[in-house]
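Anchor point for the sequence shown: position 197 equals 197 in my numbering, and the numbering is continuous, going up by one each time. Here's the structure we're looking at; comments come further down.
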Amino acid sequence: MNASPADQRLLLDLADLDRRLRQAEATRRNPPQAARVQELVAQRTAQSHELAVRVGARDELQAEVTRLESDVSLAEQRRSRDRQRLDGSASAKDAQALEREIEALTQRLRSLEDAELELMERLETAEAAVAEQQALLAETTAEGQRLSAEGKAHVEGSARDIEALTRDRAAVAERIPAPLTAAYDRLAQRGIVAAAPFTRGACGGCHVMMAPSDLQALRAVPADQIANCPECGCILVRTEESGL
Numbered sequence: 001m002n003a004s005p006a007d008q009r010l011l012l013d014l015a016d017l018d019r020r021l022r023q024a025e026a027t028r029r030n031p032p033q034a035a036r037v038q039e040l041v042a043q044r045t046a047q048s049h050e051l052a053v054r055v056g057a058r059d060e061l062q063a064e065v066t067r068l069e070s071d072v073s074l075a076e077q078r079r080s081r082d083r084q085r086l087d088g089s090a091s092a093k094d095a096q097a098l099e100r101e102i103e104a105l106t107q108r109l110r111s112l113e114d115a116e117l118e119l120m121e122r123l124e125t126a127e128a129a130v131a132e133q134q135a136l137l138a139e140t141t142a143e144g145q146r147l148s149a150e151g152k153a154h155v156e157g158s159a160r161d162i163e164a165l166t167r168d169r170a171a172v173a174e175r176i177p178a179p180l181t182a183a184y185d186r187l188a189q190r191g192i193v194a195a196a197p198f199t200r201g202a203c204g205g206c207h208v209m210m211a212p213s214d215l216q217a218l219r220a221v222p223a224d225q226i227a228n229c230p231e232c233g234c235i236l237v238r239t240e241e242s243g244l
C-alpha cells in the first residue's frame, strides 16, 4: 500500500493516542485505589465481626453485673429489715435467730460485693476492648471512604481523559487517508501495536532486532510504501533515526 512518509508519521501520533486511550481505559476500569479498597472491605468485615464478639462479651458481663447489683440490693434490704426486727425483738431466741441471719447476710454481701468488684474490673476491660475495636473499625472505614472518593475522582478524571483523547484521535484520523487508517485499524484489532517507529535496527512495536536479510528487504521498500515488521506485523514508520 502506498502512503506518503508524512501520512505514515501521522500513524505514530495515532498509535500514541491509542496507547494513552488504553491506559486511561485501564485506569477507569481499575483505579489504583481499587485493590486497597477491596482489602479494606474484607478487613472491615473481619473487624465488624470481632466488634460484635467483643460487644457480646461486654453485654454478658453487664448483665451479670446488673444481676449481682440486684442480689446485693435485695440482701441489703433484707439485712436492714432484720436489724429493725432485732431492735424491736423482746425474745432472746428470736434475737439470736435474727443475729445469725444478719451475720449470714453480711457474709453473703461481702461475697456478692467481691464478685461484683471482680466483674466490674472485667467489664472495664471488656469496654476498653470494645472501644479499641470501634476505633480500629472507624479508622478502616475512614480510610476506605477516603480511598473510594479518590478512586471515584480518578475514574472521573480518566473518563474526561478518554473523551479528550477520543476527540484528538478523531482529528488525527481525519488527516490520514482512509485506506491507510483502515490498514492500521485492522492491525490494532489484533491486539498489537499497529504502527511503530523503526529505530536502530529494531521494531518499536515488538522491540525485536531485525535480521540482516529482513533489514536489506526493508531498505528496498520505497519511502512512500508502507512496510510491516516481519515479527509482529505492525506498520514500520521510517524516520531520520531509522538508520536506513
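Every residue gets a Cβ at the ideal spot worked out from N, C-alpha and C, and that includes glycine.
Check: Measure the beta-carbon distance from threonine 199 to glutamate 241 and round it to whole angstroms, keeping in mind my assumption that it falls under 8 Å.; Outcome: 5 Å
Check: My parser needs the alpha helix (DSSP H) runs of 4 or more residues fully inside the region 76 to 117; what are they?; Outcome: none
Check: Tell me which residues share the same chain as leucine 61 and place their Cβ nearer than 7 Å to its Cβ, disregarding the 5 neighbours each side in the sequence.; Outcome: Leu119, Arg122, Leu123, Ala126
Check: Let me check one thing: in DSSP terms, what residues is histidine 228 bridge-paired to?; Outcome: The sequence given here places asparagine at residue 228; histidine does not occur at that position. Beta-bridge pairing links asparagine 228 to Ile235.
Check: What are the start and end residues of the beta strand (DSSP E) that includes alanine 196?; Outcome: 195 to 199
Check: Expressed to the nearest angstrom, what Euclidean distance is found between the alpha-carbon atoms of arginine 22 and alanine 15?; Outcome: 10 Å
Check: What distance in whole Å lies between the Cβ atoms of cysteine 234 and alanine 183, which are believed to be in contact at a cut-off of 8 Å?; Outcome: That belief does not hold up - the Cβ atoms of alanine 183 and cysteine 234 are roughly 11 Å apart, past 8 Å.
Check: With a Cβ-Cβ cutoff of 9 Å, do methionine 209 and alanine 202 count as a contact?; Outcome: yes
Check: Using beta-carbon positions only, say whether arginine 44 and alanine 129 come within less than 9 Å of one another.; Outcome: no
Check: Excluding five sequence neighbours on each side, which residues of the same chain lie with their C-beta closer than 6 Å to the C-beta of valine 155?; Outcome: Arg28, Pro31
Check: Which residues in the same chain as alanine 188 place their Cβ atom closer than 7 Å to its Cβ, once the five residues preceding and following it in sequence are excluded?; Outcome: Asp18, Ala194
Check: If you count every other CB in all the chains shown that lies within 10 Å of the CB of alanine 24, and 16 or more means buried, which is it?; Outcome: buried
Check: DSSP on alanine 246, reduced to helix/strand/coil?; Outcome: Any answer about residue 246 is impossible in this case: the structure gives the chain only from 1 up to 244.
Check: Could you give the C-beta distance for leucine 147 and glutamine 33, rounded to a whole number, given that I count them as a contact under 8 Å?; Outcome: 4 Å
Check: Could you give the first and the last residue of the continuous alpha helix (DSSP H) run that contains arginine 219?; Outcome: 212 to 220
Check: Using 10 angstroms around the beta-carbon of threonine 140, count the other beta-carbons present and answer buried if the total reaches 16, otherwise exposed.; Outcome: buried
Check: Below 8 Å, how does it come out for the region 63 to 78 and the region 165 to 172: are there three or more Cβ pairs, yes or no?; Outcome: no
Check: What three-state label does DSSP hand alanine 202 in the structure shown?; Outcome: strand
Check: Check the C-beta distance from leucine 86 over to alanine 95 and give it rounded, since I have them as a contact under 8 Å.; Outcome: 6 Å
Check: What does asparagine 2 pair with, by DSSP beta-bridge criteria?; Outcome: Gln225
Check: Looking at the strands, I want to know which residues DSSP matches up with leucine 209.; Outcome: Note that residue 209 corresponds to methionine in the displayed sequence, not to leucine. Methionine 209 is bridged to Ala202.
Check: Please return the same chain residues whose Cβ sits closer than 7 Å to the Cβ of proline 322, not counting the five positions on each side in sequence.; Outcome: This structure gives no information on residue 322, because the portion of the chain shown stretches from 1 to 244.
Check: In whole angstroms, give me the CA-to-CA distance for arginine 58 and alanine 115.; Outcome: 16 Å
Check: Out of Cys232, Ala26, Gly144, which one is the CA nearest neighbour of arginine 190?; Outcome: Cys232
Check: Return yes when the Cβ of arginine 9 is within less than 9 Å of the Cβ of threonine 239, no when it is not.; Outcome: yes
Check: Assuming proline 5 contacts aspartate 185 (C-beta within less than 8 Å), just tell me the rounded distance between them.; Outcome: Wrong, their Cβ atoms sit about 20 Å apart, outside the cutoff.
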